[in-house]
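Colleague:
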Amino acid sequence: MAIDREHSFLTLLHTILMAVYSGNPFFSCTNCKNPVALREDLLSKKFVAKSGAAYMFSHAMNVIVGQKEDKKLITGVFSVAGIHCSNCGQELGWKYIRAYDPQQKFKEGRFIIERAKIVKVYY
Numbered sequence: 002m003a004i005d006r007e008h009s010f011l012t013l014l015h016t017i018l019m020a021v022y023s024g025n026p027f028f029s030c031t032n033c034k035n036p037v038a039l040r041e042d043l044l045s046k047k048f049v050a051k052s053g054a055a056y057m058f059s060h061a062m063n064v065i066v067g068q069k070e071d072k073k074l075i076t077g078v079f080s081v082a083g084i085h086c087s088n089c090g091q092e093l094g095w096k097y098i099r100a101y102d103p104q105q106k107f108k109e110g111r112f113i114i115e116r117a118k119i120v121k122v123y124y
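What follows is the structure in structure tokens.
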């Protein structure tokens, strides 16, 4: 019985995703396939995170934003908050809350998601 409900839920989820994202590629959590960012919100592929390559997005969805903390990163000191998948809890990257260097202000409110933590999906 539980398997039938799970299958029905996944079928429904697939149908909804196809309707919402039809023709629009998006990125999903590698662990649970939860959609976390749209391709149209991808700003840059030139970032580096713990696991290597990372992408900057203008928006993210289905993520939990953690506590902010000041961190020294490659390009300066920032107030950042870790972001996690809202479904499975996998750490995905971080959100820039505040840039202390005026030349880095463009990063405020943007999301950095590690490439190794997401998969591109086409519908």
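Sequence positions in the sequence shown follow the numbering used here and run 2 to 124.
Ideal Cβ positions, reconstructed from N, Cα and C, are used throughout, including at glycine.
1) Does DSSP put GLN105 in a helix, a strand or coil?
2) Can we say the stretch 34-44 touches the stretch 113-121, given the rule of at least three CB pairs closer than 8 Å?
3) Since GLY67 and ALA82 are thought to touch, with beta carbons under 8 Å apart, how far apart are those beta carbons, to the nearest angstrom?
4) On a CA-only basis, which of ILE65, PRO26, CYS89 is nearest PHE112? Give me that one, please.
5) For PRO29, which residues does DSSP report across the bridge?
Modeller: In this structure, then:
1) Translated into positions along the sequence shown, residue 105 becomes position 104. Residue state, collapsed to three classes: helix.
2) Touching, per the Cβ criterion.
3) Here residue 67 refers to the residue found at position 66 of the sequence shown. Here residue 82 refers to the residue found at position 81 of the sequence shown. 5 Å between Cβ atoms; contact.
4) Residue 112 sits at position 111 when you count from the first residue of the sequence shown. Taking PHE112 as reference, the option from ILE65, PRO26, CYS89 with the minimal CA-CA separation is ILE65.
5) Here residue 29 corresponds to residue number 28 of the sequence shown, with the count starting at 1. The question names Pro, yet the displayed sequence has Ser at residue 29. Residue pairing by DSSP places SER29 opposite PRO36, VAL120 in a beta bridge.
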